[in-house]
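Participant:
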Amino acid sequence: MSDPADLTISEAGAAMRAGALTSVDLTEAVLQRARVTESELHAFLTLDQAGAKSAAEAADASLAAGDDAGPLHGIPIALKDNMCTKGIETTAASQILSGWVPPYNATVVDRLAAAGAVVVGKTNLDEFAMGSSTENSAYGTTRNPWDTDTVPGGSSGGSAAAVAAGSAMGGFGSDTGGSIRQPAALCGVVGLKPTYGLVSRYGLIAFASSLDQIGPFARSVDDAVVLLEAIAGFDIHDATSIRGEVPNFRGSLNEGVAGLKIGIVTELSTTGIDPEVKAAVSRTVDRLSDAGADVVDVSLPSCEYGLSAYYLIAPAECSANLARFDGVRFGHRAEGLTTEDMMAATRAEGFGPEVIRRILLGTYALSAGYYDAFYGQAQRVRTLIRRQFSAAYEDVDILVSPTSPTTAFPIGDRTADPIAMYYADVCTIPVNLTGDPGISVPVGLDSKGLPIGFQLMAPALGEERLLQVAKVVEDQAVFTDRAALATSEVAS
Amino acid sequence: MTDYEAVIGIETHVELMTDSKMFCGCPVIFGEPPNTTTCPVCLGLPGAMPVPNAKAMEGILKIGTALDCEVAEISYFHRKNYFYPDLPKNYQISQYDVPICHDGSIAIDVDGAPTMIGITRVHMEEDTGKSIHMGGGGRIHDAEYSLLDFNRSGVPLVEIVTEPDIRSADQARAYGAELQRIVRTLGVSDARLEEGSMRFDANISIRPVGQEELGIRAEVKNVNSLRSLQRAVAFEIERQIAHVEAGGTVVQETRHWNEESGKTTSMRSKEESEDYRYFQEPDLVPIEVSAQWRDAIVAGLPELPAAQRARYEALGVDNRVAGVLTSTEGIGELFEEAMEAGGDARLIGNWLSGEVVAWTRNENKAVAEAHLEAAHLVELAGLVADSTLSASAAKQVLGGVLAGEGTPTEVAEARDLVQISDSSVIEAEVDAVLAAQPDAVASIAGGDMKPIGFLVGQVMRATGGKADPKQVSDMIRAKTTS
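Chains as they are written, first to last, in this note's numbering: chain Y, 73 to 564; chain S, 1196 to 1677.
(1) Curious, which full-length beta strand (DSSP E) runs of at least 3 residues does the region 112-199 of chain Y contain?
(2) Of all the CB atoms in chain Y, is at least one closer than 7 Å to the CB of residue 1347/S?
(3) Would residue 1285/S pass as an interface residue toward chain Y - the criterion being a Cβ-Cβ separation below 7 Å?
(4) Taking 7 Å as the CB-CB limit, is residue 275/Y close to chain S?
(5) Give me the subset of the region 1253-1279 of chain S whose CB atoms are less than 7 Å from a CB atom of chain Y, sorted by chain position.
(6) Using only the alpha-carbon positions, how far apart do residue 426/Y and residue 331/Y sit?
(7) DSSP has residue 1399/S in a bridge; who is on the other side?
(8) Compare the C-alpha of residue 1394/S against each of 1368/S, 1400/S and 1404/S and name the closest.
(9) Which of the residues in the region 1288-1313 of chain S, read from start to end, lie with their CB under 8 Å from any CB of chain Y?
(10) If we ignore side chains and look at the alpha-carbon of each, how far apart do residue 1320/S and residue 1469/S end up?
(11) How many Å lie between residue 209/Y and residue 199/Y at the Cα?
(12) Any idea what DSSP makes of residue 1241/S, helix, strand or coil?
(13) Might you give, ordered along the chain, the residues of its own chain that have their beta carbon closer than 6 Å to the beta carbon of residue 229/Y, omitting 5 neighbours on each side?
(14) Pull up the distance between the alpha-carbon of residue 281/Y and that of residue 1478/S, whole angstroms please.
(15) Using 8 Å as the threshold, is the region 525-537 of chain Y in touch with the region 464-481 of chain Y, meaning 3 or more CB pairs across them?
(16) For the pair the region 260-273 of chain Y and the region 127-143 of chain Y, tell me if three or more CB-CB distances fall below 8 Å.
(17) Rounded to a whole number of angstroms, what is the C-alpha to C-alpha distance between residue 564/Y and residue 508/Y?
(18) Should residue 1406/S be labelled buried (16 or more other beta-carbon atoms within 10 Å of its own) or exposed?
(19) Identify each residue in the region 1470-1484 of chain S for which the Cβ-Cβ distance to at least one residue of chain Y is less than 7 Å, and report them in chain order.
(20) What I want to know is whether the C-beta of residue 1461/S ends up closer than 6 Å to one or more non-hydrogen atoms of the ligand NAP.
(21) With three or more C-beta pairs closer than 8 Å as the rule, is the region 1484-1491 of chain S touching the region 1454-1464 of chain S?
(22) If we cut at 7 Å on Cβ distances, does residue 1244/S have a partner in chain Y?
(23) Quick one: what does DSSP say residue 1217/S is sitting in, helix, strand or coil?
(24) Any idea what DSSP makes of residue 551/Y, helix, strand or coil?
(25) For residue 1656/S, count the other beta carbons within 10 Å of its own beta carbon; 16 or more makes it buried, fewer makes it exposed. Which is it?
(26) What does residue 1332/S touch in chain Y if you count any residue whose Cβ is under 8 Å from its own?
(27) Could you name each continuous alpha helix (DSSP H) segment of 4 residues or more that falls completely within the region 473-524 of chain Y, going from the start of the chain to the end?
(28) Identify every run of the alpha helix (DSSP H) within the region 1510-1569 of chain S, keeping only runs that are complete inside it and at least 4 residues long; order them along the chain.
(29) With DSSP collapsed to three states, give me the class of residue 346/Y.
(30) Just verifying my parser: in three-state terms, what is the DSSP assignment at residue 1264/S?
(31) Is the beta carbon of residue 1516/S closer than 7 Å to that of residue 1548/S?
(32) Inspect the beta-carbon positions of residue 87/Y and residue 184/Y and report whether they are closer than 7 Å.
(33) Output needed for residue 321/Y: all residues of its chain with C-beta closer than 8 Å, excluding positions within five of it in sequence on either side, in chain order.
(34) For the alpha helix (DSSP H) holding residue 1610/S, just list the boundary residues, first then last.
(35) Taking 7 Å as the CB-CB limit, is residue 1221/S close to chain Y?
(36) Consult DSSP for residue 1636/S and reduce its assignment to one of helix, strand or coil.
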């Protein structure tokens, strides 16, 4: 492949250090891909061409001066538009934040800058990360680069689509109930949700604080490791971030799976799973077994309540998190005779229907007289799920399942049926409730030519083992297909 | 006629004077231009997250420990949800079912009747910003528009809630005063009521004496001094009794104390009681207080006002004076220093609580601004003890010292207030007065002692106040009754 936009991060990094490629050329190739694909794809809400260009120039200059910031030096990446970027509009794909320019950077953004990364732009999402298709964006739907009549998944659909299409070498999303892993599966890229607390949430516009976690999109497991390394670690600004040394993520990356015990979660792999997805998962498991892993079935019955618990806890937290959008200090403001009228009108105008639905659900779930039956009960289910997962990890090293019950579905297919849309997260939600890490790795295409994702899960801070097994899955799947929009005939 | 008993509980908010705010690094300073001590966290900007201030936690632990509370090993922050423009996140980070300190007490003494007031809970929260209502009467309902200042937003706020143990307006005031003294002694807040760094809300109900069940309570807000706490509670008790006596029933409501009219007026009914939808704050982890931390707090506590008062009283200072010495800024320190230098406790205590406090009020200055040192007080007490100055002359000398006229000896000389030590000089003045007042002398000789005081006064006037009145009195007595 001759277009630098299609290189992996490690390939591009090697070429730059060999003097065969500059960050400016690489960034220009990626921006060119974006210019060509965006009219169809709409992965970006803001494409910061000038900013990216000057960051790339600076990266080249510092590398030439011998100041090498590491594997992300000069690499163009994309950020989901719910991460605050100082001086760059940040909307969370909501009308209520239209035109809002943050006065500060999210910790992740600062860390990426320190790692030498070049931000090409801010990507589309479901409004406030609430959705599974990116159709809930107030600024238009992102399309799947494999088939532009289908959704890219969500809520981090823009970052997933950009990485798949080559309009970014790597991307970052946030995962509250599957918002990194599910779009990664639907777009045929690697998507990692780290352990809760491993990556700072400071500057991430909160959806559900006890579930949200930032993580990377990449075109390979190796690239995912590099992207994770740049952002992981304790942050003084996030009281829930994990203290202590950042664990080694690559220590056992190439050690294979011989002797490891892998459990297939029955409850996430049978009912409601598309037969082609089921078959791909089963082929993947067989290959792991061939590679020397001991594969067993694991039953985690509490997973069946995961979706219900999630759709109480996440809306409850969002009802408080989104209360600050009131028109008083920033963002959109509607007219009103009294302050209360102004706030109510601002919120009615500024929020889309899915956001309003979840705020109402959450407000109800926390109300006096209902708290115990809804929010309290959901927290008890969460505890139960946590216990069942930790019990399972006493016996197995890694748990696996499909990432998404289906491959990419047609745009508009589920917008009228919120419950059908919520069901897209059924396999990914459990590890958000437990706080454990999970990753989606592409393992093949269905008969429509759409990618299928395979999910791997590990106990908290078990990223090293998770990535080790993901690497084997990747190696054996030999998933070399590229999205239609990324092929050079379309792109160049 | 029924006899009624008032049942009062007080909620107090105390702003802690930490270097930085509760959940961000912004400084806690007052009087800065609006919205200059703010950041994404205390402005509630999207994405910002709270990080608890360890110094503030130390402050609340000091308060809780001083109030003899139990300290929870693990407690939690909750979100209290309500929409208000000066509350940037539209939720306040507070504590709910497990406060950090609970079940304490505070001893008060009203007219020699000691009472224990139970402390239900002491919890940590963050302050709101300030709404400034422009136009109209400065209150929201008739304002043309409102401005917001978020400098105060996120200042650490401790809420202290009593049991309904208070029975009178005097007790309410005594509780408020003692709590203020304790907080100031701990050095965690300046606890100024006028400036709002300490704020009281009083919950007041009445019930017929002997009835167990509590009456319906009204909550009185906007109480900005100890005096208005007392007046507001007294007014509200009278209002409720009069209302019930007239056949009415007390309704649960929030009432506003108006300082000028001396009345409370209804602000809002609590019937549509707000549902704050509390839930555990997911951006923060539970607060853990180790035994070690608790022990360090206990070990580091200063002497509390009650213990200090007892110590002063043991030195011969009377109860009321001891109260002033332990509650007036700068006064206690001078007293302590003077005691260390061996000064007379009773005399110096009286001067500090009397003349010196009066001077600060009249001059509207702090004690520190007076030209008064502990050494001056000790010197002055010495001048009284060796009869160089009379008690009244000493007070005049103290006035001169406060005004910066010099040391007590210098002021006494400059103002010519030194007592006449030569008894022949005094005797001459006495003889002159006796000679001039034969009627008075005759009365005394006849057994009526009343004119002695008059004659002493005449001698004092003749000596310009510099004679020792006791010596003069003795001399007159000797000369007229022999």
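Using N, Cα and C, we set each Cβ at its ideal position, and we do this for glycine too. Nothing here was measured: the structure is a model prediction, and the numbers come from that model.
Facilitator: This is what the structure gives:
(1) 116-119, 148-152 and 190-195
(2) no
(3) yes
(4) yes
(5) 1274, 1276 and 1278
(6) 46 Å
(7) 1203/S and 1413/S
(8) 1368/S
(9) none
(10) 18 Å
(11) 5 Å
(12) coil
(13) 206, 214 and 255
(14) 6 Å
(15) yes
(16) no
(17) Low per-residue confidence applies at residue 564/Y: pLDDT is 47, beneath 50, and the placement is therefore not dependable enough to give any value.
(18) exposed
(19) 1470, 1472, 1474, 1477, 1478, 1479 and 1480
(20) Only the bare structure without any ligand can be found here, which leaves the ligand NAP out of the picture.
(21) no
(22) yes
(23) coil
(24) coil
(25) exposed
(26) By Cβ distance, chain Y contributes nothing, its closest Cβ being about 17 Å from residue 1332/S, past 8 Å.
(27) 490-494 and 501-506
(28) 1514-1520, 1526-1535, 1540-1546 and 1552-1558
(29) coil
(30) coil
(31) yes
(32) no
(33) 297, 300, 301, 304, 535, 536 and 539
(34) No alpha helix (DSSP H) contains residue 1610/S, which DSSP labels as neither H nor E.
(35) no
(36) helix
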